[in-house]
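See structure below.
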Amino acid sequence: MKYCAAVVVLLALAVFGQSAFAEQVSYRDYKVYSIRVDTVEKHNVLKRWQDVRGVDFWDRAGYRVMIHPSLQEAFERFLNLNAFSYERIIEDVEATIEAERKYDQEYRRRKAASGRATVDFEHFWTNAEVNAYLDELAQTYPNLVRVATIGTTHEGRPIKSITISTNNGVAGSKPVVFIDGGIHAREWAGVMSVLYLIHELVEHSSSYADMLNKDWVIIPVANPDGYEFSHTDNRMWRKNRFPATILCTGIDLNRNWDYLWVFTSNACSDSYAGTTAFSELETQALDRVLKQYGSSIAVYLAVHTYGDMILYPYGHSWPFVPVANQAAHIALGEQARDAITAVGGPRYVVGNSAEILYTANGCSDDYVAGVIGARYAYTLELTGGGRNGFDLPATEIMAVATQTFQLYRTMANNAQTPATPAATMKLLAVVVFLFTVGTVCRAEQQKFENYKLYSLYVEDDEQAEELHNWYADGKLDFWSYGTLNDSVTVMVQPDLQEYFEAMLDDVQLESELVEENVQSLLEHEQEKRNLHILSKRRRPQKVPEKPNSTQGEVDEDAIDFEHFWTLDEIYRYMDRMERQYPNLVRVLKIGQTYENRSILALTVSRDGRINQTRPVVLVDAGVHAREWASHMSALYLINQLVESADKNEDLLYNTDWIIVPVANPDGYVYSYETNRLWRKNRFAGNVMCVGTDVNRNFPFRWGYTSHSCTDGYAGRTPGSEKETQALMLLMSQFSRSIKMYLSLHSCGEYILYPYGFSYQPVPNAADLHALGTEAAEAVKNVGGPEYIVGQASGLLYLATGSDDFIYGAYGVQYAYTLELSCGNRGYGFIIEPDQIEPIAAETFEMLKVFGIHAGSLKISKRPFELYNVRPETAEQLSVLLKWRNGQEIEVDFWDAPKLGRSARIMVTREDHKRVEEFLEQHDIEYDLVAEDVQELLNREQRRNVEHGRRLRRDSNSRATVNFEHFWTLDEIYEYLDELAVAYNGLVRVSEIGRTHEDRPIKAITISTRGAVDQTRPIVFMDGGIHAREWAGVMSVMYMIHEFVEHSDQYAEQLSNTDYVIVPVANPDGFVYTHEQNRLWRKNRSPGNVLCYGVDLNRNFPFQWDRTTSECTNNFAGHAASSENETKALIGLMDQYKAAIRMYLAVHTYGEMILWPWGYDFLHAPNEDDLQRLGERARDALVAAGGPEYEVGNSADILYTASGATDDYAYSLGVPYSYTLELTGGGSQGFDLPAAELARVTSQTFELLKVFGQHAGTLSVTS
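Just so we're aligned: the sequence shown equals residues -22 to -1, 1 to 1240 in mature numbering (1 follows the signal peptide of the UniProt record, and there is no 0).
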């Protein structure tokens, strides 16, 4: 039989794909299910069906779902298996559509016969009727209405807006209510409710003087092409009509907005987000109008159906990020809900989108709140059609429209708008400030001519609050911080100095003018820098003579602490330390900035690399770009720990160090080259001004700030900045061993500990204060200034930062922000060059205290336990599967639960009681097989170490390949390279890609013709895609060893078949399991700001589905094929796909041979052939003394999983595609004991031979 991808695709199109091509799409025998979705877990399970062709979620939560006839049996089986309560509420969708169509035809016939020309709301209007009505209003009411074409669709239809304003129809002089409807084509009732609003406001304007206190901008049909298509061809059409691919049409316009937009790979999905944000003409048109009115927009309403919900932003993530004025959103939403109820409407639910429904990226309400800055932004899910169809019966349009009108009226009349005269003047002052001072966003060489520095003595809360208000409005710049009854230094621009001094008098704030012209300070500093550069060029550096150096030659790498280093100098120094001290130093790239600069960290450990066996001190500097003294102090620390390691052994014996000397590289370069006083990063995606304060961007008690031109702007969302993400990922990677966190800033001479966002003391405040006091004494003992020690919230205002985050999110008990010395001048950032080394040396004395204390702390290892569980009933299996997908308890399933078969689960000891209670509650048989998983892993490690010793004792052993231990990546790659050299007529080894951590991904081909020329069938194999599955890798290596080094024994098989093999498909993860975490499963790319890794076996671009949590073991990535490893495998498959006849993905463990499909409860067309061959392979294994594997469909035997390699290979047209779950380790650990490797790999080879032999019988021609 011949199978190819085209056949599969065409079959799918024949069943489900009619909507792209058919004249009249029929929904005959489609059924609609009403489903009770009462938990987050159930919603997540149900959502797996959302993008399946033939499945249509009629509401966002999944309460009502339409199912194609061919899927109904599988869908009901799924609902029953997962214990959903449901009923079929529509037996034949086409019948409801026919009834709707028949009513409309009859209504139009009656209306034509009666000769009535008046507007009515007894039928659903067409797009042409809507546009004609708008044009008629513009002609009839020119003093109130303007109608404009704001854009044109892909099919050439106009997108029309109507503005309603007592200012001759010109909106913008009053607060604006902005409304769009029909962005989802089939939601006709939403369009009708908007039209009714227009009708009332215009044709009965004298009755609504209250509502006309605002201007109205309305786009009643935001998706004209889709709306027309839903009337003429497909009543259930949702998207626009842009050709997304050759096969599928349409973009979901409510996923296409440029606010945390996320790419989705399935272009045929109803929620396909497009190729880029704002790719569509419709969203571009809406965005232009929104930006036209900008901050004048008081209320934004996106009108949808259905669900009886009033939803506010943000909906992009969970746990949800609340909109800044969340309380006001809730209050106004509840007022609107009560207004609907008062006129007999249903009781709407008011809440956050992500909390009530689910997360969704690229939505209009998030964009309008986060980018446009509307005071209120909502998505309205209006009343729907109940049991009668997708939308209302036409007879109910008027009732719902009049009810919804009360919602619009209430929101417009009760929305609080800050446009009072006083507020307007205040805003004007800020705008003037932004125009004059804020040009820092754009300036080439920023000057601070006649800016003044004041020293202020703050005595009471009123004075502190007034200063903070000026700072929050962007009208002054703190150069140093202070507490009550202490001095602070602030900079004020010339235009505001008179007002500032008046304010000082009003609040009786004691002040001293300390600098008349800040520009003179900056020019003085620049002069010193220039002199240093000249002196360095003119005189040789006093450094130890290098081999081959010329007398008097200037060493560009020579260091000093007499000038502020450039970023290039800093990075060169770090690289040099790694080269010169390889047994002590590693340089890590932890991220990339907006302007594509590397963010580097340097680790110092006497083991060469940090293995998390000793406490770690994490130090970062330069989060605020202009605080150059912090960068230099971090570099001085590196210098002392590395180049003077012999003098500082006490800091290295018990402690490892991670140092990020420049946490904000873009900002640092900008402060060096353009604006010396620049503080933020250089993110250019803000609406008004460049940059985010990285230290306010951490997602712990994050608070939104109103505009991006202030120095303290916290970013669009928590954790939005690349610098923040880099630091958070570093914290996450070493969270188990970080015992001390120190963030270096300047200046102020403070040692501050959490929290900064609250006055509430942390539990170990006394310990933090005592250690801080000891560090302050160390500085004083060397003649340094007297540091003040205290809680960060004791400064002039509350603010969160990196120390709060690492303390609160990761439980690092010793976390400090160090505001370093201001030097002799005391002006904060402007420090004389001769002060650099004294400040750095003082700081080092402080850091020594913290480092020594860190070395006295213990690394607590979370104990894990291992259970065997055995489900005996379908109900018990269902419970375990749901538990597996839930997140209430951290559970790691070492193998998949199946009826009548034991599965092993690993849990933390702290969850021991909850786990056993859960199992007993559901009467699931279990037993505890290991009280300490770490001891099992230690045993495995000891066996490997002992094996290494034996190898070293036996000088001849290296020449003999053995399968008595688990090989490292280096051993595997070395062996492959040896084979390529020794057997060049049979073997080729190539690098097919590079990983996130820049390791090669290697493939080996085996062909008696030398090169694989695709004239013979190919067996394509990969192993180790899940990092911890070492036995799978070893089984692949055993097969390579046999076929190559004993090829004469397999001449017949090798003469008919070629092999393309990737033995370690996940090199980064594989190395990580050997060096850091034996049970790691994913790759090592950053999943989000907290968690690493993507499950590569969920990342392939066939039926890929985005999972919700980046921290789970099966996180599928942010997009299909997002990972380097996935791309490498796809590229290799693509290279040989014409000849690949057998695909084998080798995993451990479970003793199963699985075939497609796995993404859904659907069987491959050639299931009988797949089953027969799988059983033959199983029998060969049994004959060799191996266990009896279970053979069958992936979804039936295990569970559904999208984006897997076997499904992807099968979709390419590979007729035989399998996932092999090999024998596992019993109770001895995750994988086999090494002593059993030789037996298991040799037995598995018998199984693999059967697949290869069968491949050799297949034809290559298609």
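We put the beta carbon where it would ideally sit given N, CA and C, even for glycine.
Setting aside the 5 residues that flank it on each side, Phe56 is surrounded in the same chain by Phe1139, each with a C-beta closer than 7 Å to its C-beta; the list follows chain order.
For the set Glu479, Asn303, Asn1077, Glu797, the Cα lying nearest the Cα of Asp598 is the one of Glu797. Taking C-beta atoms under 8 Å as the contact rule, Tyr432 and Ser489 qualify, at a distance of about 5 Å.
In this structure, Lys80 and Ala163 do not form a Cβ contact; the two beta carbons are roughly 21 Å apart against a cut-off of 8 Å. Asn330 carries a strand assignment under DSSP once its states are collapsed to helix, strand and coil. Here Glu727 is buried. Its C-beta has 16 or more other C-beta atoms within 10 Å. In the assembly as shown, Thr695 is a buried residue. Its beta-carbon has 16 or more other beta-carbons within 10 Å. Fully enclosed beta strand (DSSP E) runs of no fewer than 3 residues occupy 965 to 972, 978 to 984 of the region 958 to 990, in order along the chain. Counting every other CB atom within 10 Å of its CB across the protein chains shown gives Glu969 a total below 16, marking it as exposed.
Going by DSSP, Asp188 is part of no alpha helix (DSSP H) at all; its letter is neither H nor E. Considering only Val640, Asn1075, Leu491, Ile1118, the residue with the shortest C-alpha distance to Ser576 is Val640. Per DSSP, reduced to three states, the secondary structure at Gln471 is coil, with no helix or strand assignment.
Looking at the backbone, the Cα of Ile275 and that of Trp235 are separated by about 18 Å.
Counted as a single uninterrupted DSSP element, the alpha helix (DSSP H) harbouring Asp782 occupies residues 780 to 788.
Between the alpha carbons of Ser611 and Phe1223 lies a distance of about 59 Å. For Arg557, the enclosing alpha helix (DSSP H) has its first and last residue at 545 to 558. Contact between His282 and Glu437 is absent: CB atoms are separated by about 55 Å, not below the 8 Å threshold. Taking the Cβ atoms as the reference, Ala981 lies roughly 14 Å from Leu1122, outside the contact range of under 8 Å.
Here Lys269 has no same chain residue with a Cβ atom under 6 Å from its own Cβ, once five neighbours each way along the sequence are excluded. Between Asp316 and Glu178, the alpha-carbon positions lie close to 21 Å from each other.
For Tyr794 and Ile716, the gap between their C-alpha atoms comes out near 13 Å. Between the alpha carbons of Gly323 and Tyr648 lies a distance of about 58 Å. Taking 7 Å as the cut-off, the beta carbon of Gly786 is found closer than this to the beta carbon of Phe678. Within the region 554 to 611, the complete beta strand (DSSP E) segments at least 3 residues long are 563 to 570, 576 to 582, 594 to 599, listed from N- to C-terminus. In this structure, Ser721 keeps its C-beta atom at 7 Å or more from the C-beta atom of Tyr788.
Here Asp82 is actually not in contact with Arg6; their C-beta atoms are around 19 Å apart, not less than 8 Å.
With a cutoff of 7 Å on beta-carbon distance, Ile616 and Leu580 are scored as near each other.
As computed with DSSP, Gly1170 is found in a beta bridge with Leu1132. Under the three-state reduction of DSSP, Ala743 is assigned to helix. Bounds of any beta strand (DSSP E) do not take in Met1111; it lies within the alpha helix (DSSP H) bounded by 1102 to 1114. Restricted to the region 248 to 335, the beta strand (DSSP E) segments that are unbroken, complete and at least 3 residues in length are 275 to 283, 287 to 290, 327 to 330, listed in chain order.
Secondary structure note for Ser139: its beta strand (DSSP E) is the uninterrupted segment 136 to 142. Between the beta-carbon of Tyr354 and that of His307 there is about 6 Å, and that keeps the pair under the 8 Å contact cut. Per DSSP, the continuous alpha helix (DSSP H) segment holding Leu179 begins and ends at 166 to 181.
Assignment of Thr380 by DSSP, reduced to helix, strand and coil, places it in the helix class. Distance from the CA atom of Asp553 to the CA atom of Leu545, rounded to whole angstroms, is 12 Å.
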